[in-house]
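Student: Below are the structure tokens for one structure; questions will follow.
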Amino acid sequence: AQTVTQSQPEMSVQEAETVTLSCTYDTSESNYYLFWYKQPPSRQMILVIRQEAYKQQNATENRFSVNFQKAAKSFSLKISDSQLGDTAMYFCAFMKLPIFGNEKLTFGTGTRLTIIP
Amino acid sequence: DAGVIQSPRHEVTEMGQEVTLRCKPISGHNSLFWYRQTMMRGLELLIYFNNNVPIDDSGMPEDRFSAKMPNASFSTLKIQPSEPRDSAVYFCASRETPGAQPQHFGDGTRLSIL
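Taken in order, these protein sequences are the chains called A and B.
For the first sequence, the residue numbers in our numbering are 304 to 420.
For the second sequence, the residue numbers in our numbering are 11 to 124.
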């Protein structure tokens with residue numbers, strides 16, 4: 304079974320600074336997908352970024368980027384130029400190769416990020 | 011495009027009552043997921059459907075919980091009888107298969123059982 308670990312329950316950073324959220328996972332699969340979801344106080348679950356394990360290039364979405372280290376089974380999220388709207392709970396999630404019956408997401412316990420004005 | 015639509019947004023009811031949560035997935039998405047989120051247990055997958063067929067219901071807590079997907083655009087999660095420990099936020103998500111498509115979540119239903 305897969306496990307996802309987020310070792311930082313809470314973090315805070317000043318507005319405009321850069322922050323990195325850590326995520327490690329355990330799997331015996333060689334191909335899989337990783338995601339970061341954001342849950343603001345409004346409780347929506349919003350996809351931030353995704354990474355396919357067979358791609359060596361780290362994914363980037365505007366101010367959000369990942370550092371994917373497949374051998375180390377690490378998938379950290381970097382938020383640059385942080386904004387007040389980035390205040391949220393962030394969840395790391397793992398999905399096996401989504402063949403039939405294999406579409407479940409395994410979530411970490413989350414990191415609560417607060418951006419300080 | 012409309013996202014995943016869940017109703018109601020909030021539900022407060024007394025213990026023992028039947029509760030029905032509803033979900034409309036994104037059009038064209040053929041996988042649908044029901045999750046429960048609590049402080050103690052985080053996000054738990056309860057059940058998921060592919061092409062309206064239940065694929066994995068191993069997360070359904072007990073017989074009081076049931077889920078149906080009568081067609082591609084509608085699913086329900088029912089709790090009967092409800093108990094205070096069922097209080098949680100329930101999310102529905104949908105996904106387009108195949109490939110690396112992510113799950114898209116609804117806004118959730120906050121359920122409080124008194």
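Glycine included, each C-beta is placed from N, C-alpha and C at the ideal position.
Note that the coordinates shown come from a computational prediction; the quantities given were computed from them, not determined experimentally.
Ordered along the chain, which non-local residues of its own chain (more than five positions away) have a Cβ less than 6 Å from that of Y45(B)?
Tutor: The residue you call residue 45(B) lines up with position 35 of the second sequence. Cβ neighbours of Y45(B) beyond the five flanking positions: L53, L55, F101.
Student: Using only CA atoms, which one of M50(B), G69(B), M25(B) lies nearest to L124(B)?
Tutor: Against the second sequence, residue 124(B) aligns to sequence position 114. Minimum Cα distance to L124(B) is reached at M25(B).
Student: So who's on the other strand from T409(A), going by DSSP bridges?
Tutor: Along the first sequence, one-based indexing puts residue 409(A) at 106. Bridge partners of T409(A): F397(A).
Student: For the beta strand (DSSP E) that contains K376(A), what are its first and last residues?
Tutor: As a working mapping, residue 376(A) is identified with position 73 in the first sequence. Where K376(A) is concerned, there is no enclosing beta strand (DSSP E), given that its DSSP letter is neither H nor E.
Student: Under 9 Å, CB to CB, which of the residues in the segment 347 to 359 of chain A have a partner in chain B?
Tutor: Listed in sequence order: Q347, M348, I349, L350, R353, E355.
Student: Would you kindly report the start and end of the unbroken beta strand (DSSP E) that includes Q47(B)?
Tutor: Position 37 of the second sequence, counted from the start, is the residue given in the question as residue 47(B). Here the beta strand (DSSP E) through Q47(B) covers 41 to 48.
Student: If I follow the unbroken beta strand (DSSP E) through N61(B), where does it start and stop?
Tutor: One-based indexing of the second sequence puts residue 61(B) at position 51. Segment: none, N61(B) is in no beta strand (DSSP E) and carries neither H nor E.
Student: If I follow the unbroken beta strand (DSSP E) through V351(A), where does it start and stop?
Tutor: Here residue 351(A) refers to the residue found at position 48 of the first sequence. Looking at the DSSP string, the run of the beta strand (DSSP E) that includes V351(A) is 349 to 355.
Student: What are the residues of the segment 408 to 419 of chain A that lie near chain B, defined by any Cβ-Cβ distance shorter than 9 Å?
Tutor: Answer set for the segment 408 to 419 of chain A: L408, T409, F410, G411, T412, G413.
Student: According to DSSP, is D66(B) helix, strand or coil?
Tutor: Against the second sequence, residue 66(B) aligns to sequence position 56. In this structure, D66(B) counts as strand in the three-state DSSP scheme.
Student: Among residues of its own chain, excluding the 5 on either side of S383(A), which ones have a beta-carbon nearer than 7 Å to its beta-carbon?
Tutor: On the first sequence, residue 383(A) is found 80 positions in, with the first residue counted as 1. Hits under 7 Å: T321, R366.
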